[in-house]
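Participant: Below is a structure I'd like to ask you about.
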Amino acid sequence: MSEVLDTAYEIGMSLVQGVLPDNRPEILKKISQTDWSTEQCHLYHRFLFAWAEHIKPSLIVETGTDRGYSAIHLAMGRTSAKVISIDNRSLCSDQLNALNVPNVDTITEDSLKVVDRFEDHSIDLLFLDSLHTCEHLSKEIELYVPKVRPGSLVFVDDISMTGEMAQGWARVAYPKRSIPKLHVTGFGAFQV
Ligand SMILES: C[S@@+](CC[C@H](N)C(=O)[O-])C[C@H]1O[C@@H](n2cnc3c(N)ncnc32)[C@H](O)[C@@H]1O
């Protein structure tokens, strides 16, 4: 088993068990209290913040921006890193840009169409959370993994949300672990 996957699992479990103090800036704590859906995302948001703090990445890429709350956690976890968040809905880029986080850039496009903007082995942390179909997840993994620095982790949200996502996760052929209870719909990590 991989040491880095074990570390991610242990950090995730410390959050689930409530033994890690919440050291996030106030703005992030407020996001967790916005509504029922952000309350539900609270632990994996905290995990993304903690992981960005832990590994000290330079480049972080997220597919699937939505309201921008994961992106802002990643960005504030490592303020010297650049976070690039991709969503095909311009509303999502607008929402994230409105949060005014200096180290975040947005791309409004289909995630599968913009992979060439990234150099091989340049991404230190990749978070896949866009279209939740088996085919899209598998294609994102095929296209984006060559862009990830070898040894780094890729996180996948919602791996047990649907049968499609479970199938997509089952297809992941890299060393992997799911981190139980970090998100009610599942959260997985694999090592490139
Ligand atoms: C689950 S939400 C992302 C949540 C966000 N990562 C978070 O944790 O706060 C999924 C997002 O993926 C976007 N999406 C769906 N299909 C996409 C595609 N082909 N390319 C890029 N984004 C896509 C949707 O517009 C939606 O905002």
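Every number in the numbering used here is 27 more than the matching position in the sequence shown, counting from 1.
The C-beta atom is built at its ideal place from N, Cα and C for all residues, glycine as well.
None of these values were measured; they are calculated from a predicted model.
Please return the same chain residues whose Cβ sits closer than 7 Å to the Cβ of Thr106, not counting the five positions on each side in sequence.
Facilitator: Excluding sequence positions up to five before and after Thr106, its CB lies within less than 7 Å of the CB of Asn130, all in the same chain and listed in chain order.
Participant: Quick check on the burial criterion: 16 or more other C-beta atoms within 10 angstroms. Buried or exposed for Ile54?
Facilitator: exposed
Participant: Give a yes or no on whether the C-beta atoms belonging to Leu75 and Ala108 are separated by under 8 Å.
Facilitator: no
Participant: Kindly confirm or deny that the stretch 197-206 and the stretch 89-108 touch, where touching means at least three C-beta pairs closer than 8 Å.
Facilitator: no
Participant: Only counting the same chain, and skipping five residues up and downstream in sequence, which positions put a Cβ closer than 6 Å to that of Val88?
Facilitator: Close CB contacts of Val88 within its chain, under the 6 Å cut and outside five residues either way in sequence, are with Ile111, Ile150, Leu153 (chain order).
Participant: State the start and end residues of the unbroken alpha helix (DSSP H) segment that holds Asp33.
Facilitator: That run of the alpha helix (DSSP H) goes 30-43.
Participant: List in chain order: all unbroken alpha helix (DSSP H) runs of 4+ residues lying wholly within the stretch 89-164.
Facilitator: 96-104, 117-125
Participant: Hey, how far is the Cα of Glu191 from the Cα of Gly45?
Facilitator: 31 Å
Participant: Excluding sequence positions up to five away, which residues of its chain have a Cβ less than 6 Å from the Cβ of Leu126?
Facilitator: Gly95, Ile99
Participant: Name all residues in chain order for which at least one heavy atom of ligand 1 lies closer than 5 Å to the residue's CB.
Facilitator: Gly91, Asp93, Tyr96, Ser97, Asp114, Asn115, Arg116, Cys119, Asp137, Ser138, Asp156, Ser157, Leu158
Participant: Starting from Gly215 and walking both ways along the beta strand (DSSP E), at which residues does that stretch end?
Facilitator: 214-218
Participant: Taking Leu180 as part of the beta strand (DSSP E), name the residues at either end of that continuous run.
Facilitator: 180-184
Participant: Does the stretch 200-218 come within contact of the stretch 29-44, defined as at least 3 CB pairs closer than 8 Å?
Facilitator: yes
Participant: Where does Ser59 sit, in a helix, a strand or coil, going by DSSP?
Facilitator: helix
Participant: Within a Cβ cutoff of 7 Å, which residues of the same chain sit near Thr212, ignoring the five residues on either side of it in sequence?
Facilitator: Asp185, Ser187, Met188
Participant: For Ser165, which of Ala193, Ser179, Glu146, Phe145 has the nearest alpha-carbon?
Facilitator: Ala193
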